[in-house]
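Asks: Quick one: structure below, then a few questions.
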Amino acid sequence: MPARVGTEPTPYDAVLLLGFGGPEGQDDVLPYLRNVTGGRGIPDERLEEVAVHYRAYGGVSPINDQNRQLRAALETELAARGWDLPVVWGNRNWAPYLADTLREAHAAGHRRILTLVTSAYSSYSGCRQYREDLARALDETGLTGELQIDKIRQYFDHPGFVGPFVDGVQGATGRLREQVAQATGAQASPDDVRVLFSTHSIPTRAAGATGPQEGVPWRDGGAYEAQHLAVAELVMDAAGLAGTPWELVYQSRSGAPTTPWLEPDINDRITELAGEGVRGVVIVPLGFVSDHMEVLWDLDNEAMTTATSLGLVAERVPTPGVDPQFVTGLADLVGERLEGATRRSDTRLGPWFDVCPAGCCLNPAGAVKPTVAGADS
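Following this line, the structure appears as structure tokens:
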């Protein structure tokens with residue numbers, strides 16, 4: 003790994019919770035999807051094919067409510083530590099929009115803002131694009147030079163993020179083994195239950211561009227795949243399930259079918275596992291900080307339906323959401339930058355960079371855009 007870019011403690015005066023955003027009613031769905039796909043010229047007829055996922059839940063994604071709860075919980079935890087740091091909230095694709103949040107933060111007197119992105123892993127859409135969003139919002143609001151905006155590191159292997167998955171996998175695996183034993187009248191073997199760690203698929207070319215590109219311990223899969231594999235292994239070991247088979251699978255693929263994306267797809271793999279004699283699957287939304295539509299629809303609906311239709315017992319473990327471990331971990335991450343607290347991480351890949359290296363997580367399909375919180379900003 004290249005030398006990590008560290009930072010000196012900084013007296014920030016606010017924390018920005020930066021999310022993806024989601025619709026909160028049926029009338030919001032198409033405008034929201036237009037925002038997500040902005041500039042790609044996708045007709046509304048095609049957007050409606052995705053809109054049905056939201057419409058099945060009343061047009062409401064759980065992501066905004068999750069962030070409201072997370073904002074309140076984090077602000078309470080920071081205050082309990084004696085840090086007078088209000089938590090402001092802005093989104094990429096829906097209200098409250100990032101630019102509006104920055105205007106309000108500046109009007110309230112805030113000048114040094116530490117950004118917490120609701121994405122734990124390195125990728126263009128999960129890190130660099132948010133840094134582009136911040137640079138664009140500063141330009142749009144005329145606040146470039148008025149606000150110092152830094153970003154908390156990728157926290158994929160921080161114990162506060164990993165802990166809720168350890169608890170979820172441990173509990174779900176035990177319950178499914180009991181169900182298999184009851185159904186067969188014999189004690190379940192480790193091979194009867196497979197743990198499937200699921201994350202968002204991305205184009206293989208984009209995956210290869212994730213993370214720094216020189217002096218790294220991964221190859222074509224890039225940092226994105228390497229980070230997920232490292233965390234999955236960590237979860238299994240910490241849960242005391244080192245002998246239980248597990249795999250990294252992918253979900254929510256979109257785009258042209260001729261473009262190679264990370265595989266295997268979770269539904270395809272569940273189908274194969276049923277044919278191999280596996281009796282149960284634990285579905286772990288490892289790539290997600292909180293519930294949103296791709297968790298509800300792609301996992302709770304499609305993947306669970308695939309499993310049960312094939313006669314497999316299945317359970318989807320919770321996302322970190324507002325688990326106290328996660329909230330405490332986020333406060334610890336703030337403390338790293340505020341007071342120089344210990345940088346905790348539980349894999350050989352971390353702790354990750356406070357300041358993203360030059361050229362990190364470039365978008366192979368697009369032009370290089372201005373960013374903040376990076377060595378090439």
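Position in the sequence shown (first residue = 1) + 2 = this note's numbering. Built from N, CA and C at the ideal position, the CB exists for glycine as well. Given the structure is predicted, the values throughout are model-derived calculations rather than measurements.
#1: Got a sec? Which residues, its chain only, sit under 7 Å from G224 by beta carbon, not counting five neighbours each side?
#2: Could you pull out every unbroken alpha helix (DSSP H) segment of at least 4 residues lying fully inside the region 267-319, listed in chain order?
#3: Spell out the partners DSSP gives Y132 in its beta bridges.
#4: Could you say which of L298, G43, A81 lies nearest to G60 if we only look at CA atoms?
#5: Using the beta-carbon count (16 or more within 10 Å), is V370 buried or exposed?
#6: For V168, which of A228, V233, D300 has the nearest alpha-carbon?
#7: Relative to the C-alpha of P359, which candidate in V237, E10, Q215, D30 has its C-alpha closest?
#8: In chain order, what are the residue ranges of uninterrupted alpha helix (DSSP H) at least 4 long that sit wholly in the region 69-134?
#9: Kindly confirm or deny that the region 298-309 and the region 33-43 touch, where touching means at least three C-beta pairs closer than 8 Å.
#10: Applying the criterion that 16 or more other CB atoms from any shown protein chain within 10 Å of the CB defines a buried residue, is P192 buried or exposed?
#11: Whole angstroms is fine: what's the gap from M3's alpha carbon to A377's?
#12: Between which two residues does the alpha helix (DSSP H) holding H230 run?
#13: Please state whether DSSP places D152 in a helix, a strand or coil.
#14: For the putative contact between P266 and V286, defined by C-beta atoms under 8 Å, what is the C-beta separation to the nearest angstrom?
#15: If I measure Cβ to Cβ from P98 and keep anything under 7 Å in the same chain, skipping five residues before and after, which residues do I get?
#16: Classify F355 as helix, strand or coil using the three-state DSSP reduction.
#17: Determine the DSSP secondary structure at G170, reduced to helix, strand or coil.
#18: Answer yes or no: the CB of P88 versus the heavy atoms of the ligand FMN, is any distance below 8 Å?
#19: Using only the alpha-carbon positions, how far apart do S331 and G187 sit?
#20: Can you tell me the Cα-Cα spacing of L264 and P219, whole angstroms?
#21: With a CB to CB cut of under 6 Å and the five nearest residues on each side skipped, what residues in its chain are close to G289?
#22: When the Cα of D325 is compared with those of A58, N69, D15, which residue comes out closest?
#23: Give me the Cα-Cα distance between T310 and Q184, rounded to the nearest whole angstrom.
#24: Since S63 and M295 are thought to touch, with beta carbons under 8 Å apart, how far apart are those beta carbons, to the nearest angstrom?
#25: Out of S254, H55, E10, state which residue places its alpha-carbon closest to the alpha-carbon of Q28.
#26: Quick test of the definition: if touching needs 3 or more C-beta pairs under 8 Å, does the region 170-185 touch the region 124-137?
#27: Considering only residues of the same chain and omitting the five flanking positions on each side of H230, which have a CB-CB separation below 8 Å?
#28: Quick check on G282: buried or exposed, where buried means 16 or more other Cβ atoms within 10 Å of its Cβ?
#29: Report the three-state DSSP secondary structure of H202 (helix, strand or coil).
#30: What are the boundary residues of the beta strand (DSSP E) that includes E249?
#31: If we call anything under 9 Å between Cβ atoms a contact, is L136 one with V336?
#32: Which residue comes first and which comes last in the alpha helix (DSSP H) that contains G337?
Replies: With the structure as the only source:
#1: Excluding its 5 nearest sequence neighbours in each direction, G224 has C-beta neighbours in its own chain below 7 Å: A209, G210, A211, T212, G213, listed in chain order.
#2: 268-277, 306-311
#3: For Y132, which the question treats as bridged, DSSP gives no partner whatsoever.
#4: Of L298, G43, A81, the residue nearest in Cα terms is L298.
#5: exposed
#6: V233
#7: Sorting V237, E10, Q215, D30 by C-alpha distance to the C-alpha of P359 places Q215 at the top.
#8: 100-109
#9: no
#10: exposed
#11: Confidence at M3 is low in this model, with a pLDDT of 49, below 50, so the placement of that residue is unreliable and no value is reported for it.
#12: 224-240
#13: strand
#14: The Cβ separation is near 15 Å, so there is no contact.
#15: W91, G92
#16: Correct three-state label for F355: coil.
#17: Here G170 sits in helix by DSSP.
#18: Looking for the ligand FMN in the displayed structure turns up nothing, as the structure carries no ligands at all.
#19: The question names Ser, but residue 331 is Gly in the sequence shown. Roughly 42 Å between the two C-alpha positions.
#20: Distance between the alpha carbons of L264 and P219 is about 19 Å.
#21: T201, H202
#22: Distances from the alpha-carbon of D325 to those of A58, N69, D15 put N69 closest.
#23: 17 Å
#24: 5 Å
#25: H55
#26: Verdict: no, contact absent.
#27: Y123, F158, F199, T201, L250, L288, G289
#28: buried
#29: strand
#30: 248-253
#31: No; because the gap between Cβ atoms is not below 9 Å, this pair is not in contact.
#32: 326-341
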